[in-house]
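Protein sequences, first through last, are from chains A and B. For reference, each letter of the first sequence is one residue, going 1 to 249 in the working numbering. For reference, each letter of the second sequence is one residue, going 250 to 518 in the working numbering.
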Amino acid sequence: MLNIPSLERRWLKYKIKSYFPYMLFSFLTVTLIIVITIFIHLEESNKQTLPTLVKQESKDIILQTKDINPEIILEPSMQFIETMPSTVSQSTTTSVSIPILPPKNVATMQKIAPISPPAKIAQNVIIPPSLITPTIKSTTQPSSIKRDTATFDIHEIEDRFKNNSNPHLGLYIARYHYDHGNYNEAYNYALKTNSINNTIEESWLIFAKAMVKLGKTDQAKKTLQLYISQSNSDAARNLLDSFEKDVSK
Amino acid sequence: MGHSLFSKPKELFIDIVNPRDYVQIDSVSHMYQNLKSSVQKPLKMILLYGKPGTGKSMLLHKLHHDLSKHQKVFMVDIPIIDENDFLRVLAQKIYGHVNRDAITLTTFLELASAVNYPQTPIVLLDEAQLYSTALMEKIRLISDARALKFVITLHKTDDEDIIAKEHFQTRIWESIELQNASPEELKIYIQKKLLKSNCFDVANMINDKNIKIISRLTKGNYRDANKLMFSLFSLYAWFEEYHPSKINYNSLKPKYIEMAAIHTGLIHA
């Protein structure tokens, strides 16, 4: 004798069971498509916003530099750059920063580059494209290297810096030289560090302070003004204030 | 329930091997003609094999039904496993030798030579895979002596290829393999069975989609198809009595076919 209600329940169970793999597959497929779409969308939006920001930044720099002094050029001294490793040397000989400015602005850029923080290193020192995008790692650990003045050999660190171009090492060396009164070296290493990573605040501060010590107070102030305009750094603003107070005294 | 449209179709699919229920399908019909002509040849042994539910037993019964009108044929549909019993039953059924004592092979062959039939008697053995090797050897000796002609059926399963066994390989003079029904053959089988009994309304309800489902569930196994159709028509008979509004008389509902399959165990739910 057939038990129809029981058979119907078993049939329903069977149908759910037989459709389950298809439902699971459909769900996974839809989820995968959504995830891929979101990922692609994010990638595209990142690509779109980054160049826009860089362009705006560059335009601002152009405008400001015109007001200040377009002919100021900062250069490393004592053939410093020539002693750096080949990868760094290549970037120093490049005169145009392609990712930052479109070709029509090259001439302007060449003139104002020394003052602009991302390119201010630069009539001769241009930031490599891979370093233009600020990385979290470099911005979050700007002063992670502790000083140890007791037992180290600064030349060894300088060699390491030449080999790996680590901006934190550059900052460390610049700081060391500045603390020891070697302002020329401090200036050079800070300049080099900025060329590798232009987002390290302390490097810009040492750079400006070294310039002041070397008697280039005006250049230091203009550099800081540009840096402040881009980074809105309080520390840079305070330093600039202190320079102006010193001048007024 | 007795006047249900589906009561008669239900009875048609009760799984009983009856030569009168034999449905002619082209491929099976061709096999049957081959089998019949093989039996007329001076062969000692004929093997009919195939997967379960391919219609071997039905063919054997049909052969028995048709041949028994003209010559001495004995059908052993339930295997006689004991060797002495086997020979005793054969001696009794074919040669009329009534003896409750065990018969040796020599005695059996003497009986066979003593009785003179115009045509060699035929023994039809169903489910021959159940016979022991020793008994199969005796069957071989009897057929070699031309005392009897044997037509045997074997299950050929995926796990064990029984016809590869030595006594079948060396002694079989003709073998016929039966295949599972294709969807078209299954459709013809079901339709013919219904039409033969004047169940036209029910036969018209079965469409190609229904056959596709039935074929998928039964894998072309006639026995399973019989069981499924029996359950299906039982189910329809129930609905006709208690929920007639749920029946669509234009076609069979796939849901009900699947429910019948669950009931018969073709679907494990």
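From the three backbone atoms N, C-alpha and C, an ideal C-beta is built for every residue, glycine too. Note that the structure is predicted; figures quoted are calculated from it, not measured.
Bounding residues of the alpha helix (DSSP H) (the contiguous stretch that carries residue i)
i	result
Met-454 of chain B	449 to 454
Ile-343 of chain B	332 to 344
His-177 of chain A	167 to 179
Leu-427 of chain B	First-last for Leu-427 of chain B: 423 to 427, but that is the beta strand (DSSP E), not the alpha helix (DSSP H).
Leu-358 of chain B	354 to 363
Phe-255 of chain B	Careful: Phe-255 of chain B lies outside any alpha helix (DSSP H) and carries neither H nor E.
Phe-161 of chain A	154 to 164
Val-277 of chain B	275 to 289
Tyr-438 of chain B	432 to 445
Asp-218 of chain A	217 to 231
Phe-207 of chain A	201 to 213
Pro-268 of chain B	Per DSSP, Pro-268 of chain B belongs to no alpha helix (DSSP H) and is neither H nor E.
Pro-503 of chain B	503 to 513
Ile-311 of chain B	The question names Ile, yet the displayed sequence has Lys at residue 311 of chain B. Start and end: 305 to 316.
Ile-462 of chain B	457 to 467
Leu-379 of chain B	No alpha helix (DSSP H) holds Leu-379 of chain B; DSSP gives it neither H nor E.
Ala-518 of chain B	Where Ala-518 of chain B is concerned, there is no enclosing alpha helix (DSSP H), given that its DSSP letter is neither H nor E.
Lys-192 of chain A	183 to 196
Best match in the options for proximity to residue i [C-alpha to C-alpha]
i	options	result
Asn-267 of chain B	B:Ile-330, B:Lys-305, B:Pro-503 and B:Lys-257	B:Lys-305
Ser-287 of chain B	B:Pro-328, B:Ser-256, B:Ser-424 and B:Val-325	B:Ser-424
Ile-401 of chain B	B:Asp-457, B:Leu-390, B:Ser-494 and B:Leu-297	B:Leu-297
Lys-259 of chain B	B:Met-508, B:Phe-479 and B:Glu-507	B:Phe-479
Val-277 of chain B	B:Asp-264, B:Lys-293 and B:Leu-312	B:Leu-312
Ile-437 of chain B	B:Ile-274, B:Ile-265, B:Ser-256 and B:Arg-269	B:Ile-274
Leu-201 of chain A	A:Leu-226, A:Thr-217, A:Gln-219 and A:Thr-29	According to the sequence shown, residue 201 of chain A is Glu rather than Leu. Residue A:Leu-226 is the option with its Cα nearest to Glu-201 of chain A.
Leu-169 of chain A	A:Asp-241, A:Glu-156 and A:Asp-179	A:Glu-156
Asn-499 of chain B	B:Phe-449, B:Asn-348, B:Leu-354 and B:Asn-453	B:Asn-453
Ile-352 of chain B	B:Ser-253, B:Ser-362, B:Ile-265 and B:Phe-335	B:Phe-335
Ser-253 of chain B	B:Asp-264, B:Val-451 and B:Arg-395	B:Val-451
Tyr-189 of chain A	A:Ile-36, A:Asp-159 and A:Gly-215	A:Asp-159
Thr-260 of chain A	A:Phe-20, A:Tyr-187 and A:Phe-39	Any property of residue 260 of chain A remains undetermined from this structure, which presents chain A solely from 1 to 249.
Leu-191 of chain A	A:Ser-233, A:Val-35 and A:Ala-210	A:Ala-210
Ser-242 of chain A	A:Arg-9, A:Ile-34, A:Leu-205 and A:Asn-182	A:Leu-205
Leu-214 of chain A	A:Glu-244, A:Ser-233, A:Gly-181 and A:Gln-230	A:Gly-181
Opening and closing residue of the beta strand (DSSP E) in which residue i lies
i	result
Gly-299 of chain B	294 to 299
Ile-401 of chain B	398 to 404
Phe-488 of chain B	It is not in any beta strand (DSSP E) - Phe-488 of chain B instead sits in the alpha helix (DSSP H) that spans 471 to 491.
Leu-373 of chain B	371 to 374
Val-325 of chain B	322 to 325
Proximal residues to residue i (C-beta, below 6 Å), its chain only, five neighbours per side dropped
i	result
Ser-95 of chain A	Low confidence applies to Ser-95 of chain A: its pLDDT is 39, below 50, so where it sits in the model is not reliable, and the reading given next is rough at best. Excluding residues within five positions, none has a Cβ falling inside 6 Å.
Lys-441 of chain B	Val-272
Glu-185 of chain A	His-177
Val-212 of chain A	Ala-220
Asn-105 of chain A	Bear in mind that the predicted position of Asn-105 of chain A carries a pLDDT of just 41, short of 50, making it unreliable; the figure below should be weighed with that in mind. Contacts found: none.
Arg-337 of chain B	Ile-352
Chain-order list of residues whose beta-carbon lies under 7 Å from that of residue i (same chain, five-residue window excluded)
i	result
Asn-238 of chain A	none
Thr-467 of chain B	Asp-473, Ala-474, Leu-477 and Leu-515
Met-508 of chain B	Leu-484
Pro-102 of chain A	Note that Pro-102 of chain A scores 38 on pLDDT, short of 50, meaning its location in the model is unreliable; the coordinates nonetheless yield the value given after this. For Pro-102 of chain A, where only same-chain residues beyond five positions count, there are no Cβ hits under 7 Å.
Ala-510 of chain B	Leu-466, Leu-477 and Ile-516
Leu-240 of chain A	Lys-221, Leu-224, Gln-225 and Ile-228
Phe-161 of chain A	Leu-169, Gly-170 and Ile-173
Ser-362 of chain B	none
Beta-carbon proximity of residue i to residue j, cut-off 8 Å
i	j	result
Pro-328 of chain B	Tyr-366 of chain B	no
Ala-235 of chain A	Ser-203 of chain A	no
Leu-7 of chain A	His-517 of chain B	no
Phe-207 of chain A	Asn-194 of chain A	yes
Lys-342 of chain B	Asn-429 of chain B	no
Ile-463 of chain B	Leu-444 of chain B	no
Leu-358 of chain B	His-346 of chain B	no
Pro-432 of chain B	Ile-460 of chain B	yes
Ile-295 of chain B	Trp-487 of chain B	no
Lys-290 of chain B	Ser-392 of chain B	no
Ala-383 of chain B	Glu-332 of chain B	yes
Asp-375 of chain B	Asp-326 of chain B	yes
Ser-446 of chain B	Lys-318 of chain B	no
Gln-282 of chain B	Gln-320 of chain B	no
Residues of its chain near residue i, where Cβ-Cβ distance is below 8 Å and the 5 sequence neighbours each way are ignored
i	result
Phe-323 of chain B	Leu-339, Lys-342, Ile-343, Pro-370, Ile-371, Val-372 and Leu-373
Pro-167 of chain A	Ser-138, Thr-193, Ile-196, Asn-197, Ile-200 and Ser-203
Ala-394 of chain B	Leu-358 and Ala-361
Lys-387 of chain B	Glu-332, Phe-335, Leu-336 and Leu-354
Near the ligand SAH: residue i beta-carbon under 7 Å from a heavy atom
i	result
Trp-204 of chain A	Only the bare structure without any ligand can be found here, which leaves the ligand SAH out of the picture.
Under 8 Å, CB to CB, which of the residues in the stretch 17 to 29 of chain A have a partner in chain B?
Lys-17
Chain A contacts from the stretch 449 to 468 of chain B (Cβ-Cβ distance under 8 Å):
none
Between the stretch 476 to 495 of chain B and chain A, which residues of the former have CB atoms less than 7 Å from a CB of the latter, in chain order?
Ser-483, Leu-484 and Trp-487
What residues in the stretch 501 to 513 of chain B bring their beta carbon closer than 8 Å to a beta carbon of chain A?
Lys-504, Glu-507, Met-508, Ile-511 and His-512
To be precise: take each residue of the stretch 263 to 289 of chain B, compare its Cβ to all Cβ atoms of chain A, and keep it if any distance is under 8 Å. Which residues remain?
none
What residues from the stretch 384 to 408 of chain B come within 7 Å of chain A, judged by C-beta to C-beta, listed N to C?
none
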